[in-house]
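K.L.:
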Amino acid sequence: EDQVTQSPEALRLQEGESSSLNCSYTVSGLRGLFWYRQDPGKGPEFLFTLYSAGEEKEKERLKATLTKKESFLHITAPKPEDSATYLCAVQAGQGGSEKLVFGKGTKLTVNP
Amino acid sequence: DAGITQSPRHKVTETGTPVTLRCHQTENHRYMYWYRQDPGHGLRLIHYSYGVKDTDKGEVSDGYSVSRSKTEDFLLTLESATSSQTSVYFCAIKGTGGASPLHFGNGTRLTVT
Chain A
1 EDQVTQSPEA LRLQEGESSS LNCSYTVSGL RGLFWYRQDP GKGPEFLFTL YSAGEEKEKE
61 RLKATLTKKE SFLHITAPKP EDSATYLCAV QAGQGGSEKL VFGKGTKLTV NP
Chain B
1001 DAGITQSPRH KVTETGTPVT LRCHQTENHR YMYWYRQDPG HGLRLIHYSY GVKDTDKGEV
1061 SDGYSVSRSK TEDFLLTLES ATSSQTSVYF CAIKGTGGAS PLHFGNGTRL TVT
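Residue numbers (our numbering), protein chains in the order written: chain A, 1 to 112; chain B, 1001 to 1113.
1) In chain A, what lies closer than 7 Å to B/P1101 by C-beta?
2) Classify A/P78: buried if its beta carbon has 16 or more other beta carbons within 10 angstroms, exposed otherwise.
3) I need the DSSP call for B/S1084, collapsed to helix, strand or coil.
4) If you measure between the beta carbons of A/L21 and A/L11, is that distance less than 8 Å?
5) Starting from B/T1096 and walking both ways along the beta strand (DSSP E), at which residues does that stretch end?
6) Could you tell me whether the Cβ of B/H1029 comes closer than 8 Å to any Cβ of chain A?
7) From the DSSP output, read off the bridge partner residues of A/Y51.
8) Would you tell me roughly how many angstroms separate the C-alpha atoms of B/K1070 and B/T1005, rounded to the nearest one?
9) B/V1088 to B/L1110, Cα distance in whole Å?
10) Are A/G29 and A/T49 close, meaning C-beta to C-beta below 8 Å?
11) Smallest Cα separation from B/F1074: which of B/Y1064, B/T1082, B/S1080 and B/S1083?
12) List the endpoints of the continuous beta strand (DSSP E) containing A/N22.
13) Please state whether DSSP places A/E45 in a helix, a strand or coil.
14) According to DSSP, what are the bridge partners of A/T85?
15) Note down, in chain order, every chain A residue with its Cβ under 9 Å from the Cβ of B/K1011.
16) Is any beta-carbon of chain B found at less than 8 Å from that of A/L100?
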């Protein structure tokens, strides 16, 4: 069974204090790993897709990396507006499934 | 915005009543999904559709049915609502096959009393 585990569940940072969120996964043939941001009362907003180990993607203060077992979302010098819940999801390759499995998310709070 | 509209945005209903949630897209995407999101469980797939009249079950499909008679509309029906179905429901769409991301609507908050 495909599984996604995110850690920590919650993270509090001071503005400018860099850190990383973790997403570990077990899946039968990874087709893609996705990162989303979710603000309260809204749907998840797509950030990145990673396809293979060693790949990296960047957007403003966020950088996502991927290994064969886990992905990290690095947040450099965060600002209060980066506060949100960050979700990770995987799409398995076996059987050509079009389903995504999500982790439970990491709630990030950045204090000014 | 990914061109997804969910309706209603909020609904309160009584146990045992039928409820239908609607998802409408303007992107002409092939794949459409219904997820529920609950504290401690994250997003869980209820049903998805891979074309008009083509649907499949997700991990939490019991008590739910879906229909897709047009590319742009995907309906989720609770035949007889229960309190355990109180949740936030999200519709998502995906274009091509392969590892392309889902794009989500802003959700429907359903309360079953």
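For each residue, glycine too, the CB sits at the ideal point set by N, CA and C. Fair warning: this is a prediction, and the values are worked out from it, not measured in the lab.
P.N.:
Answer, in terms of the structure:
1) F34, F46 and T49
2) buried
3) helix
4) yes
5) It is not in any beta strand (DSSP E) - B/T1096 carries neither H nor E in the DSSP assignment.
6) no
7) For A/Y51, which the question treats as bridged, DSSP gives no partner whatsoever.
8) 15 Å
9) 6 Å
10) no
11) B/Y1064
12) S19 to T26
13) strand
14) A/Q38 and A/K107
15) Chain A residues near B/K1011: none, gap ~15 Å exceeds 9 Å.
16) yes
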